[in-house]
Amino acid sequence: MFYWIMKHIVVGPILLAIFRPWIVGLENVPKTGPVVLASNHLSFIDSIFLPLVVDRQVVFLAKSEYFTGKGLKGWATKMFFQAAGQLPIDRSGGKASEASLETGLRVLGGGGILGIYPEGTRSPDARLYRGRTGVARMVLEAGVPVIPVAMIGTETVMPIGTRLPKVRRIGIIIGEPIDFTRFDGLEGDRFVLRSVTDELVHSLRSLSGQEYLDVYASSVREQRAAQSG
């Protein structure tokens with residue numbers, strides 16, 4: 254109920270009126286049943302606008318730090334992410350990664366829509382980067398269709414490191430569902446996982462028109478941070 258009120262009455266109408274997102278392919282999102290929305294990731298606001306334009310609730314897995322802050326700011330951040338329908342996960346790896354997988358599978362098992370960023374983190378420079386195979390494993394284990402989504406121009410509205418968005422129009426292109434059932438039972442094969450991931454990222458590249466780099470976005474961000482430090 255809280256999510257519905259924030260999306261349809263309080264926050265959603267205001268954001269949609271201000272930023273006026275244009276949308277292509279909304280009819281590709283099924284009215285019922287589990288599905289994964291796999292999107293490129295240019296800005297913090299990607300996780301806000303994609304759920305706003307899709308009629309059904311979209312659940313994203315957000316890093317747990319967003320839900321554990323102290324004081325008024327911490328409370329406000331937690332409330333914001335809850336209002337956006339996001340669930341906390343630990344991204345430290347190992348058993349935490351398994352827990353994240355299980356959380357995503359529960360959302361899909363309940364017939365919901367799960368939002369995922371194959372790149373694993375925001376692009377540092379608006380280019381498209383190599384996908385993480387954890388997304389493919391979740392898709393194959395759940396046995397659900399995947400819909401590629403391209404966010405357009407969100408990095409100009411709220412670039413990394415900024416606190417307030419600029420008022421500019423953004424776009425969202427929703428592609429046709431991709432069926433990976435031909436790989437049923439092969440979610441433990443790392444070559445299959447890489448193949449599925451690369452196919453998904455290629456579809457994102459086709460929709461978004463982004464330049465592609467075959468390295469992980471997180472590695473580039475770490476290198477730049479080390480150089481600036």
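Under the working numbering, the first residue of the sequence shown is numbered 254, with each subsequent residue one higher.
Every residue, glycine too, gets a C-beta built ideally from N, C-alpha and C.
Keep in mind that this is a model prediction, so the values were computed, not measured.
Per-residue DSSP class, three states only, for residue i
i, result
"Leu305", "helix"
"Ala379", "coil"
"Gly265", "helix"
"Leu457", "helix"
"Tyr465", "strand"
"Phe313", "strand"
"Val449", "helix"
"Ile276", "strand"
"Ser296", "coil"
"Val289", "strand"
Residues of its chain near residue i, where Cβ-Cβ distance is below 8 Å and the 5 sequence neighbours each way are ignored
i, result
"Gly396", "Thr434 and Asp437"
"Gly363", "Pro287"
"Asn281", "Ile400, Ile427, Gly428, Glu429 and Pro430"
"Pro377", "Ile413, Ala470, Val473, Arg474 and Arg477"
C-beta contact flag for residue i and residue j at 9 Å
i, j, result
"Leu303", "Ser292", "yes"
"Ile427", "Val264", "no"
"Tyr469", "Tyr370", "no"
"Val306", "Ile366", "no"
"Phe272", "Ile413", "no"
"Arg380", "Glu464", "yes"
"Pro398", "Pro283", "yes"
"Thr374", "Ser471", "yes"
Cutoff 6 Å; reference residue i; Cβ partners in own chain excluding five residues on either side
i, result
"Thr415", "none"
Cβ-based neighbour list, residue i, same chain, cut-off 7 Å, excluding 5 preceding and 5 following
i, result
"Gly357", "Leu314, Leu367 and Met391"
Residue i: CB within 8 Å of a non-hydrogen atom of the ligand COA
i, result
"Asp437", "The ligand COA is absent from the structure shown, which contains no ligands of any kind."
Take every Cβ of the segment 351-363, pair it with every Cβ of the segment 438-458, and state whether three or more of those distances are shorter than 8 Å. no
Looking at C-beta atoms only, is the number of pairs between the segment 460-468 and the segment 401-420 that lie closer than 8 Å three or more? yes
Which runs of the beta strand (DSSP E), 3 residues or longer, sit entirely within the segment 369-444? 399-405 and 424-427
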